[in-house]
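The next block holds one structure in the form of structure tokens; read it before the comments.
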Amino acid sequence: MGSTQPLRLAVLMADTPMPGTVAKYENYGGVFTDLFRRAVAPKPLESVLTITRHDIVSDPTAYPDLAEVDAVLITGSKHNSFDNDPWILALVEFTKKTLATTAPGASPSGKPVPILGICFGHQIIGRALGCPVDRSPNGWEVSVTNVDLSDAGKAFFGLESLRIHQMHRDAVLAMPEGATSLASTTKCPVQGMLLPGRAVTVQGHPEFTGGIVREILDVRHNLGALTDEIYQPGIDVVDSKHDGETIARAFLKFAGAHI
């Protein structure tokens, strides 16, 4: 990729958003497009990034040709990363294939394709690397959450601490071999992983806005999936300031974008 060419990012969409989010953004590809547009401003997004959207849940042929992209991002999802549905197993295999392009000793003739993982995507990368992934023994994390950064995390994000939207009760339960911890919370010790030149992940959602999270909280609370004790504290901070755009810029730089 020439230095003036936009980064070609394949967004693997692992879910369909709530109706209000669909109306505003169309799909999770649109949500990430909005995030990255804000993150690279005042530069026009098109000068930095070309995004393709891939519905990997309903279309098993939707995966990109790794020779035609510069980086891959796996979105969040309501689905369980530890389940064995055919599309999830296919995603794990594609993730292994993508990671293999960046593995130590990979063929120099092949193009390395770094991979970015968000929430469910973070967990899928953990699973592909052989880590246990399951329900968190500590339960839900929701809405804007304070996250402790490791020294590596402070260097990667350029921050002393991190605030990020959360919406999960599943977790990566151990760090992969060769990975560096970026962040942790008391409820979820594996909040972010870095494999230099290969992969970077966060358990939270830099792409989420207060409106997106409010809709999820309301729907899940009304269905009984979230108790009052989880729902109300989440609603109380849903519009709080968070570091989504800073995380997005760090991820794009990791992937090779020229910001």
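Numbering (my numbering), first residue to last: 15 to 273. The beta carbon of each residue, even a glycine, is placed where N, CA and C say it ideally should be.
- For residue 68, the enclosing beta strand (DSSP E) stretches over residues 63-69.
- For residue 85, there is no enclosing alpha helix (DSSP H); the residue is found in the beta strand (DSSP E) stretching over 85-88.
- With contacts defined by Cβ atoms closer than 8 Å, residue 28 and residue 89 form a contacting pair.
- Counting only the Cα atoms, residue 79 lies some 14 Å from residue 114.
- Take residue 138, set aside five residues on each side of it, and the residues of its chain with a beta-carbon closer than 7 Å to its own are 88, 95, 105, 106, 109 and 131, in chain order.
- It is roughly 26 Å from the alpha-carbon of residue 72 to the alpha-carbon of residue 214.
- Note that the C-beta distance between residue 205 and residue 182 is not below 8 Å.
- Here the C-alpha atom of residue 39 lies approximately 26 Å from the C-alpha atom of residue 154.
- Contact check for residue 75 and residue 22: beta-carbon distance about 19 Å, past the 8 Å limit, so the pair fails to qualify.
- For residue 155, the enclosing beta strand (DSSP E) starts and ends at 155-163.
- For residue 103, the enclosing alpha helix (DSSP H) begins and ends at 100-114.
- By the neighbour-count criterion, in which 16 or more other beta carbons inside 10 Å mark a residue as buried, residue 60 falls on the exposed side.
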